[in-house]
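Undergrad: Mind looking over this structure? Questions follow.
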Amino acid sequence: MLNISDLYKEKASLALMYFLLIVMVIFTIAPLLFMATAAFMPSRDIVKMPYQWIPKTFHWPNFFKAIAGNDGKFMFPRTLLNSLIVASTVTVTTVFIACMTGYGLAKFKFRGRMIVFLMIMATMMIPFEAIMIPLYLVTTKIGLQNSYGGLIIPFMVSAFGVFMMRQYLVTFPDEFLEAARIDGMGEMRIFWTIIFPNSGPTIATLAILSFRAQWDNLLWPLLVIQSEKMKTVPLYIVKFTAEKHSDEGAMMAVALLASVPMFILFFVLSEYFVGGSAVYSSRKG
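Position 20 (the sequence shown) corresponds to 741 in this note's numbering; numbering is contiguous.
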């Protein structure tokens, strides 16, 4: 039975924990709120101190400048489409290959299985900067510069995705699979009707992480893309902010527009994302 001093200590620890959580939330949300509000303000209001978090008037020319670009060619919709194509394609292929590979490594016993798994995991230890130049030379040699192939193919397979799916599927009950095999189901049918539907939270988590990684990818497109028509959103933002460095409102409008697809994806899959993160943590533990 708790005495008075222990009860006070417990309440104090809870109060401290909630206080730290609130501080973390404020530091996390404040930059997003600044971006969202500054996008609707003229530049002269953004730099005023103290900062007015609620815009007095909505300054819509910021969004026109963001979409029209510095040269007035309205290239933002094209760059947005490029990023959507690249990020969506990479996400679909990453999830599919990770699911298939994770299923094979988790549920099929064959000689050298752990060696294959460890070799895949070893690639996670190599930073992208170490293989960037060889990858660029190969991409150039086979003529994939300024193309969707050059942006997509190098990222179609994710070692982390394989690891994540394998860790989830290794604890998937074998009884379901054995019962399906007794009923005469083939392995591909088992995968599509049993494994894939029951891996929803983990798949959603992997999909969000893969999409975000490609949506924010700047370094690789900066190397392989020179054509204006093939540039992605990060490249557009870099060029826009470099040329509009004195127009803070337009820069915030570009950032806000570029963030919308990620917000939509997260809110659509947020329930599965939280569940998948919890599942992954439990498997890891």
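In this text, a Cβ means the ideal position worked out from N, Cα and C, and glycines have one as well.
Taking only runs of the alpha helix (DSSP H) that begin and end inside the stretch 765–792, which ones reach a length of at least 4 residues, in chain order?
TA: Fully enclosed alpha helix (DSSP H) runs of 4 or longer: 782–789.
Undergrad: Just checking my contact of residue 936 with residue 983 at CB under 8 angstroms: how many whole Å lie between their CB atoms?
TA: By 1-based counting over the sequence shown, the position of residue 936 is 215. By 1-based counting over the sequence shown, the position of residue 983 is 262. At roughly 6 angstroms, the Cβ-Cβ gap stays under 8 angstroms, so residue 936 and residue 983 are in contact.
Undergrad: Pairs of beta-carbons, one from the stretch 879–891 and one from the stretch 926–936, closer than 8 angstroms: are there three or more?
TA: As far as the Cβ criterion goes, the stretch 879–891 touches the stretch 926–936, which means the pair count is three or higher.
Undergrad: How long is the line joining the alpha carbons of residue 733 and residue 744, rounded to whole angstroms?
TA: In the sequence shown, the residue the question calls residue 733 occupies position 12. In the sequence shown, the residue the question calls residue 744 occupies position 23. Near 16 angstroms, if we compare the C-alpha coordinates of residue 744 and residue 733.
Undergrad: Between the Cα of residue 852 and the Cα atoms of 728, 818 and 941, which residue gives the shortest distance?
TA: Position 131 of the sequence shown, counted from the first residue, corresponds to residue 852. Residue 941 is the option with its Cα nearest to residue 852.
Undergrad: Are the beta-carbon atoms of residue 826 and residue 838 separated by less than 8 angstroms?
TA: Here the question's residue 826 lines up with position 105 in the sequence shown. Here the question's residue 838 lines up with position 117 in the sequence shown. In this structure, residue 838 lies closer than 8 angstroms to residue 826 by Cβ.
Undergrad: With 16 other CB atoms within 10 Å as the buried threshold, where does residue 895 fall?
TA: Mapped onto the sequence shown, residue 895 falls at position 174. With fewer than 16 Cβ atoms within 10 Å of its Cβ, residue 895 is classed as exposed.
Undergrad: Please list the terminal residues of the continuous alpha helix (DSSP H) segment that includes residue 842.
TA: As a first step, residue 842 is located in the sequence shown; it is residue number 121 there, counting from the start. Unbroken alpha helix (DSSP H) run through residue 842: 834–843.
Undergrad: Which ranges does the alpha helix (DSSP H) cover as unbroken runs of at least 4 residues, wholly within the stretch 921–1006, from first to last along the chain?
TA: The qualifying runs are 921–936, 940–945, 954–964 and 969–1005.
Undergrad: Rounded to the nearest angstrom, what separates residue 977 and residue 737 at their Cα positions?
TA: Taking the sequence shown and counting its residues from 1, one reaches residue 977 at position 256. Taking the sequence shown and counting its residues from 1, one reaches residue 737 at position 16. Computed Cα separation, rounded: 34 angstroms.
Undergrad: Quick check on residue 867: does DSSP put it in helix, strand or coil?
TA: Along the sequence shown, one-based indexing puts residue 867 at 146. Coil at residue 867, not helix or strand.
Undergrad: Mind checking residue 953: buried by the 16 CB within 10 Å criterion, or exposed?
TA: Working through the sequence shown from its first residue, we reach residue 953 at position 232. With 16 or more Cβ atoms within 10 Å of its Cβ, residue 953 is classed as buried.
Undergrad: Would you call the stretch 864–874 in contact with the stretch 800–820, where contact means no fewer than 3 C-beta pairs closer than 8 angstroms?
TA: With a cut-off of 8 angstroms, the stretch 800–820 and the stretch 864–874 count as touching, because enough Cβ pairs lie within range.
Undergrad: If I'm right that residue 854 touches residue 865 with Cβ under 8 angstroms, what's the distance once you round it to whole angstroms?
TA: Start at 1 with the first residue of the sequence shown, and residue 854 comes out as number 133. Start at 1 with the first residue of the sequence shown, and residue 865 comes out as number 144. With 8 angstroms as the limit, residue 854 and residue 865 do not qualify as a contact, their Cβ atoms being about 15 angstroms apart.
Undergrad: Where do the ends of the alpha helix (DSSP H) carrying residue 821 lie?
TA: Position 100 of the sequence shown, counted from the start, is the residue given in the question as residue 821. Looking at the DSSP string, the run of the alpha helix (DSSP H) that includes residue 821 is 797–828.
Undergrad: Have a look at residue 902 and residue 757 and give me their C-alpha separation to the nearest angstrom.
TA: Sequence index remark: in the sequence shown, residue 902 carries index 181 (1-based). Sequence index remark: in the sequence shown, residue 757 carries index 36 (1-based). C-alpha separation (whole angstroms): 53 angstroms.
Undergrad: Residue 969: buried (16+ other C-beta within 10 angstroms of its C-beta) or exposed?
TA: As a first step, residue 969 must be located in the sequence shown, where it is residue number 248. When all chains shown are included, residue 969 counts as buried.
Undergrad: Going along the chain, which unbroken runs of the alpha helix (DSSP H) with 4 or more residues stay wholly within the stretch 854–899?
TA: Here the runs fully enclosed are 869–873 and 880–890.
Undergrad: Hey, residue 784 and residue 974 are a contact pair by Cβ (cut 8 angstroms); roughly how many whole angstroms apart?
TA: The residue labelled residue 784 in the question sits at position 63 within the sequence shown. The residue labelled residue 974 in the question sits at position 253 within the sequence shown. Confirmed, Cβ separation roughly 5 angstroms.
Undergrad: For the alpha helix (DSSP H) holding residue 909, just list the boundary residues, first then last.
TA: As a first step, residue 909 must be located in the sequence shown, where it is residue number 188. Start and end: 908–911.
Undergrad: Do residue 767 and residue 759 have their beta-carbon atoms positioned less than 8 angstroms apart in this structure?
TA: Position 38 of the sequence shown holds residue 759. Position 46 of the sequence shown holds residue 767. Contact: yes.
Undergrad: Is the distance from the Cβ of residue 774 to the Cβ of residue 754 below 8 angstroms?
TA: Here residue 774 corresponds to residue number 53 of the sequence shown, with the count starting at 1. Here residue 754 corresponds to residue number 33 of the sequence shown, with the count starting at 1. Against a cut-off of 8 angstroms, the Cβ pair of residue 754 and residue 774 comes out as a contact.
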